[in-house]
Amino acid sequence: MYKKIYKAIKKYNTIVIARHIGVDPDAMASQLGLKEAIELSFPKKQVFAVGTGGARFAYLGSLDKLEDIDYSKALLIVVDTPDKRRVDSPEVDQFAYKIKIDHHPFVEKFCDLEWIDDRNSSASQMVLELLYKSKLKRNRSVIEKLFIGLASDTNRFLFNSDAVTFSLLSKIMKEYSLDITKLYQNLYMRPLHEVRLQGYIGQNMKVTEHGVGYVELTSDILNKFDADVGSAGNMVNNFNYIDEVFVWVMISEDKKNDIIKINIRSRGPVVNKVAEAYHGGGHKFASGARVTSLEEAKLLVNDLDRECQKYIQNKEVDENENQ
Ligand code: AMP
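Note that the working numbering has the sequence shown beginning at 523, numbered continuously upward.
Now the structure itself:
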């Protein structure tokens, strides 16, 4: 697979790297890290990293405006995105050749070459593996970006971090002695108003019978805290490890786009199937969805409550069998 990807990169002089809409650090870091590595290896190639950015992740670098390119001679590499509808680039079908590099569970095939590894911690780790197993070059800036993406998606190695992850980290630390403290500053620094919103969420989280914690953040509330629809997504991981809560859900009203954005996290029950039923998807324990009303959001919460109930029942059966 690494060889095939390298060969395609070598073959095309124009390369566009895209990732999913609703950018996050892993998506942007894997995109920009790969772009820099390709430019380092092949200085004459034209490489574009496309999509809508977020001021929040400006420290990772900037995105490109796609100039007039001849799509019929260009390669598209899509990172961190399982399905076509979530690719933040409108021209997907026009490219001569397409490659997918993704760690989400499989949703659909839309590229010629697809490297999918849903047990991998992050798209950034996959790009790191590609760099270490192919002739692509790397430097400190590339590695720092990929480290940030990996650290972010694993929530600082809390999730999906296995022997491959740590052996890669060991390699990059030996080679570059990364200043992790400095890198985390960019990743985790946040404005005081977000911390205040976090306090509001803790105070106002409701919990269903079987352990779904949820909070409704209407646009009035978000405005009151000077926060935006992306804020809840930024802090959703901070609500792990609550005794009474197995699954937690942030429901944020996006008045501008007339949609309600949902962030879902779990410490046991599988949530991505429920998310898929509400115009969403994602990983088993970290998913997102979009609904059109608070009533629909409540239906989603009810469905998640049923998943929690099943999870609790199965856990009890397992515990009884092990006694
Ligand atoms: P988030 O809560 O936005 O951080 O998203 C968690 C995970 O769910 C990420 O892997 C996203 O790519 C995925 N995800 C979020 N929103 C959606 C959506 N509307 N459709 C499909 N996947 C989503």
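Each residue gets a CB set at the ideal place from its N, CA and C atoms; glycine is no exception.
The structure displayed is predicted, hence computed values, not measured ones.
What are the partner residues of residue 671, as DSSP defines its beta bridges?
As a working mapping, residue 671 is identified with position 149 in the sequence shown. BP columns for residue 671 are empty, so no partner.
Indicate, with yes or no, if ligand 1 has a heavy atom lying under 6 Å from the CB of residue 808.
Residue mapping note: residue 808 aligns to position 286 of the sequence shown, counting from 1. Yes.
Where residue 781 and residue 814 are concerned, what is the direct C-alpha to C-alpha distance, given to the nearest angstrom?
Translated into positions along the sequence shown, residue 781 becomes position 259. Translated into positions along the sequence shown, residue 814 becomes position 292. Their Cα atoms are separated by approximately 5 Å.
Could you tell me whether the Cβ atoms of residue 556 and residue 614 are closer together than 7 Å?
The sequence position of residue 556 within the sequence shown is 34, counting from 1. The sequence position of residue 614 within the sequence shown is 92, counting from 1. No. Outside cutoff.
Could you name each continuous alpha helix (DSSP H) segment of 4 residues or more that falls completely within the region 737-790, going from the start of the chain to the end?
741-746, 751-757
Check whether the Cβ of residue 625 sits closer than 6 Å to any heavy atom of ligand 1, and report yes or no.
Here the question's residue 625 lines up with position 103 in the sequence shown. Residue 625 Cβ: outside cutoff for every heavy atom of ligand 1.
Rounded Cβ spacing between residue 575 and residue 562 (contact assumed at less than 8 Å)
In the sequence shown, counting from the first residue as 1, residue 575 sits at position 53. In the sequence shown, counting from the first residue as 1, residue 562 sits at position 40. Actually they do not touch by this definition, with Cβ atoms about 22 Å apart.
Indicate, with yes or no, if ligand 1 has a heavy atom lying under 6 Å from the CB of residue 756.
Sequence index remark: in the sequence shown, residue 756 carries index 234 (1-based). For ligand 1, not one heavy atom lies less than 6 Å from the Cβ of residue 756.
For residue 542 and residue 805, believed in contact at Cβ under 8 Å, the rounded distance:
Reading the sequence shown from its first residue, position 283 is the one you call residue 805. Reading the sequence shown from its first residue, position 20 is the one you call residue 542. So it is not a contact: roughly 13 Å between Cβ atoms.
Does the beta-carbon of residue 733, which I'm using as the reference point, lie nearer than 6 Å to any heavy atom of ligand 1?
Mapped onto the sequence shown, residue 733 falls at position 211. The answer is no for residue 733.
When DSSP labels each residue in this structure, what does residue 814 get in the three-state scheme?
Counting from 1 along the sequence shown, the entry for residue 814 is found at position 292. Residue 814 falls in the coil class under three-state DSSP.
For the region 566-631, which segments carrying the beta strand (DSSP E) assignment without a break, of at least 3 residues, lie completely within its bounds, in sequence order?
568-571, 596-601, 619-624
So residue 768 packs on residue 733, CB below 8 Å; how close in whole Å?
The residue given as residue 768 occupies position 246 in the sequence shown. The residue given as residue 733 occupies position 211 in the sequence shown. That belief holds up - the Cβ atoms of residue 768 and residue 733 are roughly 4 Å apart, short of 8 Å.
Can you give me the C-alpha to C-alpha distance between residue 705 and residue 678, rounded to a whole angstrom?
Translated into the one-based positions of the sequence shown, residue 705 becomes position 183. Translated into the one-based positions of the sequence shown, residue 678 becomes position 156. So the alpha carbons of these two residues sit roughly 12 Å apart.
Check for me: the beta strand (DSSP E) holding residue 645 runs from which residue to which?
Position 123 of the sequence shown, counting from 1, holds the residue named residue 645. Residue 645 -> not in any beta strand (DSSP E); alpha helix (DSSP H) instead, spanning 645-655.
Can residue 538 and residue 570 be called in contact, C-beta distance under 7 Å?
Locating residue 538 in the sequence shown gives position 16, where the first residue counts as 1. Locating residue 570 in the sequence shown gives position 48, where the first residue counts as 1. Yes, the Cβ-Cβ distance between residue 538 and residue 570 is below 7 Å.
Excluding five sequence neighbours on each side, which residues of the same chain lie with their C-beta closer than 6 Å to the C-beta of residue 598?
Position 76 of the sequence shown holds residue 598. The residues are 538, 617, 620.
Where the alpha helix (DSSP H) containing residue 538 begins and where it ends
Position 16 of the sequence shown, counted from the start, is the residue given in the question as residue 538. It is not in any alpha helix (DSSP H) - residue 538 instead sits in the beta strand (DSSP E) that spans 536-540.
DSSP state of residue 804 mapped onto helix, strand, coil
Taking the sequence shown and counting its residues from 1, the one referred to as residue 804 is at position 282. Note: residue 804 maps to strand in three-state DSSP.
Where does residue 684 land, buried or exposed, given buried means 16+ other C-beta within 10 angstroms?
On the sequence shown, position 162 is the one that residue 684 refers to. Classification of residue 684: exposed, given that the 10 Å Cβ count is below 16.
Can you name, in chain order, every residue of its own chain whose Cβ lies under 7 Å from the Cβ of residue 716, other than the five neighbours on each side?
For the purposes of this step, residue 716 is taken as the residue at position 194 of the sequence shown. Cβ within range, chain order: 749, 753, 756, 757.
Can you tell me whether residue 819 is buried or exposed? The criterion is at least 16 other CB atoms within 10 Å of its CB, across all chains shown.
As a working mapping, residue 819 is identified with position 297 in the sequence shown. Residue 819 is buried by the Cβ-count criterion.
Helix, strand or coil for residue 735, going by three-state DSSP, please let me know.
Locating residue 735 in the sequence shown gives position 213, where the first residue counts as 1. Correct three-state label for residue 735: strand.
How is residue 635 classed by DSSP in three states: helix, strand or coil?
To locate residue 635, count along the sequence shown from 1; it is residue 113. Looking at residue 635 - three-state DSSP - the assignment turns out to be strand.
Determine the direct distance from the alpha carbon of residue 666 to that of residue 559, and round the result to whole angstroms.
Position 37 of the sequence shown, counted from the first residue, corresponds to residue 559. Position 144 of the sequence shown, counted from the first residue, corresponds to residue 666. Approximately 12 Å between the Cα atoms of the pair.
Say yes only if the C-beta of residue 785 is nearer than 6 Å to one or more non-hydrogen atoms of ligand 1, and no if none qualify.
Here the question's residue 785 lines up with position 263 in the sequence shown. Because some heavy atom of ligand 1 lies under 6 Å away, the Cβ of residue 785 counts as near it: yes.
Would you tell me roughly how many angstroms separate the C-alpha atoms of residue 579 and residue 552, rounded to the nearest one?
One-based indexing of the sequence shown puts residue 579 at position 57. One-based indexing of the sequence shown puts residue 552 at position 30. Taking the straight line from one Cα to the other gives about 13 Å.
For residue 669, count the other beta carbons within 10 Å of its own beta carbon; 16 or more makes it buried, fewer makes it exposed. Which is it?
Counting from 1 along the sequence shown, the entry for residue 669 is found at position 147. Classification for residue 669: buried.
Going by DSSP, which residues form a beta bridge with residue 498?
This structure leaves residue 498 out entirely; the chain is present only between 523 and 845.
Where does residue 533 fall in DSSP's three states?
Within the sequence shown, numbered from 1, the residue matching residue 533 stands at position 11. Helix, per DSSP.
In the structure shown, what three-state DSSP assignment does residue 717 receive?
In the sequence shown, the residue the question calls residue 717 occupies position 195. DSSP places residue 717 in helix when its eight states are reduced to three.
List the residues that DSSP assigns as beta-bridge partners of residue 728.
Walking along the sequence shown from the start, residue 728 turns up at place 206. Answer by DSSP bridge pairing, in chain order: 736.
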